[in-house]
Every structure is written in structure tokens, then in C-alpha cells.
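K.L.:
This structure is in C-alpha cells; I'll ask about it shortly.
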Amino acid sequence: MKTLLRIDSSPRKTESLSRQLADVLQQKLENEGNYSTLSRDVYYDDLVKLGNEDSVTAYFTPDNQRTVIQKEAVKASDVLSQEFANADAYIFAVPMYNFGVTAGLKAYIDLIARAGTSFKYTEKGPEGLLKGKKAFVIITTGGTKLGTEVDYVSGYLKTFLNFVGITDIEFINSDQVMTNAEKILSDAKEEINQLVLN
Ligand SMILES: Cc1cc2nc3c(=O)[nH]c(=O)nc-3n(C[C@H](O)[C@H](O)[C@H](O)COP(=O)(O)O)c2cc1C
1 MKTLLRIDSS
11 PRKTESLSRQ
21 LADVLQQKLE
31 NEGNYSTLSR
41 DVYYDDLVKL
51 GNEDSVTAYF
61 TPDNQRTVIQ
71 KEAVKASDVL
81 SQEFANADAY
91 IFAVPMYNFG
101 VTAGLKAYID
111 LIARAGTSFK
121 YTEKGPEGLL
131 KGKKAFVIIT
141 TGGTKLGTEV
151 DYVSGYLKTF
161 LNFVGITDIE
171 FINSDQVMTN
181 AEKILSDAKE
191 EINQLVLN
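And the structure:
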């Protein structure tokens, strides 16, 4: 059985469209793709507070030279980055907030991008270590059209995923929902149901 890591990042729980679409996709992957799901709610896990001076200093200090305080400060990042590296596939459920991702998702990404776990430095520059994995990225927006110059979500997530070695990415766009929420949501659900899993 393969591990699906589901990452929710909306402050909304019951009314969230990205969570609703992620539910449909999770069901499909569990039913047709032989996945079992591990969930992370990066908005409510309050991850912003986990990054501080000691944890960032620890990132730049070899494991065996870290102080006790640095080891403690980097523990959450160790766990989250290893969990991310161990997964076979990912669902990112991503609302657009002020043209970017929510603070929780940004904080999560800052904790999981770790040299030695998700990427490494080579003579030619950084190289992603998470090869052969699949990511599904569901993006919801109220009025902004995805793919336009003010969309700082799609390109950011593609760049981050490529940076850690994940190049097989399926984007499910559910944008401009304020124009016709019902239709846009049902089209996105249909798109998910039509996905061919390999
Ligand atoms: C604080 C805040 C900022 C938002 N910023 C944007 C934005 O920049 N562009 C946009 O199209 N929609 C914006 N929206 C609308 C959300 O993207 C939209 O409601 C989306 O469905 C949220 O995802 P969710 O339904 O999973 O919570 C914003 C909503 C809030 C509450």
C-alpha cells in the first residue's frame, strides 16, 4: 500500500471548497490507487511558531555539531520533512489568499524543504531528492484567474515541488468561484473523477 499525504491549508473547515475537492480526490485515490492517507492540517497546526532563530541556525549546522537547543528547535522540521519525504503521493488543498498561499502553507514549506532530506547541494547547484512521486495540487480562488500575472500560487508551488524533485504534478484549478460557485465546483469534481491514475 502506498502513502498519500494530504495537506490542507484553508482556515475554513466546513465551508472550504479546497477541502471539499480534496475529499473527492482522496476518496478516488484510496478506492482506485491503493493509497492510505495521512493528513496534515497546516493552517491549524500553527507551524509559523516552529521556525525561530535556533531552528534556522540548526539548518546550517551539521547534525553532529548541533547544540541541545538547536536539536530541540529543529525537531518538528525533522519529523515533518521526513514524513514528507516518505510519502508516495500528495494532495495539496490550497486556497489563494491575497494572491499567494496561506501563512500555514508557507510555514509548512519552510519546515519541509531541508538539505539532506528533500534536496541536496551539488557542484551544479541544488538537486531535488524526492524523485518518482506524484503531486495533486487543488487551487481555489474567489476572483483571481489562475495563470495570470497576479497568480503567485501556481508558479510558486510548481517551483517548490520541482526544487525538491517532484515533477509529476496534476493541477486541479477551481478559480474565480465567486462568478458561479456551483458550476465551477461541479466541473472541478468532474475533472477529478476523470483523472486517470497510473
Ligand atoms: C483573507 C482572504 C484573502 C483572499 N484573497 C484572495 C485573492 O487574492 N484572490 C482570490 O481570487 N480570492 C481570494 N480570496 C477568496 C478565496 O480564495 C476563496 O474564498 C477560496 O474558495 C478559499 O478557499 P477555501 O474555500 O478552501 O477556504 C480570499 C479570501 C480571504 C478570506
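Numbering-wise, full-length UniProt numbering puts 18 at position 18 of the sequence shown, and it's gapless, one number per residue. Built from N, CA and C at the ideal position, the CB exists for glycine as well.
(1) Around ligand 1, what residues have a beta-carbon under 5 Å from a heavy atom of it, in chain order?
(2) Check each candidate in Ile139, Ala188 and Glu127 and name the one with the smallest Cα separation from Tyr97.
(3) Within its chain, find whatever has a CB closer than 7 Å to the CB of Leu17; leave out the 5 residues flanking it on each side and keep chain order.
(4) Considering only residues of the same chain and omitting the five flanking positions on each side of Leu38, which have a CB-CB separation below 8 Å?
(5) Within the chosen definition, does the segment 22-30 reach the segment 185-194 through at least 3 CB pairs nearer than 8 Å?
(6) Residues in the same chain with beta-carbon distance under 6 Å from Ile69, minus the five sequence neighbours each way, listed in chain order, please.
(7) Sort Glu182, Ala181, Asn180 and Leu157 by Cα distance to Phe171 and report the nearest one.
(8) Using 8 Å for Cβ pairs, my map puts Leu47 next to Gly104. What's the rounded Cβ distance?
(9) Looking only at its own chain, which residues have a Cβ that is under 8 Å from the Cβ of Met1, when we skip the five neighbours before and after it?
(10) Which class does Thr122 belong to by DSSP, given the choice of helix, strand or coil?
(11) In the DSSP assignment, the beta strand (DSSP E) including Tyr44 goes from what residue to what residue?
(12) What's the gap between the Cα of Ala93 and the Cα of Lys106?
(13) Just grab the DSSP bridge partners of Asp168 for me.
(14) Give me the Cα-Cα distance between Ile166 and Arg114, rounded to the nearest whole angstrom.
(15) Just checking my contact of Val164 with Ser118 at CB under 8 Å: how many whole Å lie between their CB atoms?
(16) Check this for me: beta carbons of Ile169 and Ala135, under 7 Å apart or not?
(17) Look at Ile109 and Phe60 and say whether their C-beta atoms are less than 7 Å apart.
(18) Less than 7 Å separating the beta-carbons of Tyr43 and Pro11?
P.N.:
From the atom records:
(1) Ser10, Arg12, Ser16, Leu17, Ser18, Pro95, Met96, Tyr97, Asn98, Phe99, Thr140, Thr141, Gly142, Gly143 and Thr144
(2) Ile139
(3) Thr140, Ser174, Val177 and Leu185
(4) Thr3, Leu4, Leu5, Arg6, Glu83 and Ala87
(5) yes
(6) Asp54
(7) Leu157
(8) 6 Å
(9) Asn34, Tyr35 and Ser36
(10) strand
(11) Where Tyr44 is concerned, there is no enclosing beta strand (DSSP E), given that its DSSP letter is neither H nor E.
(12) 13 Å
(13) Lys134
(14) 14 Å
(15) 4 Å
(16) yes
(17) no
(18) yes
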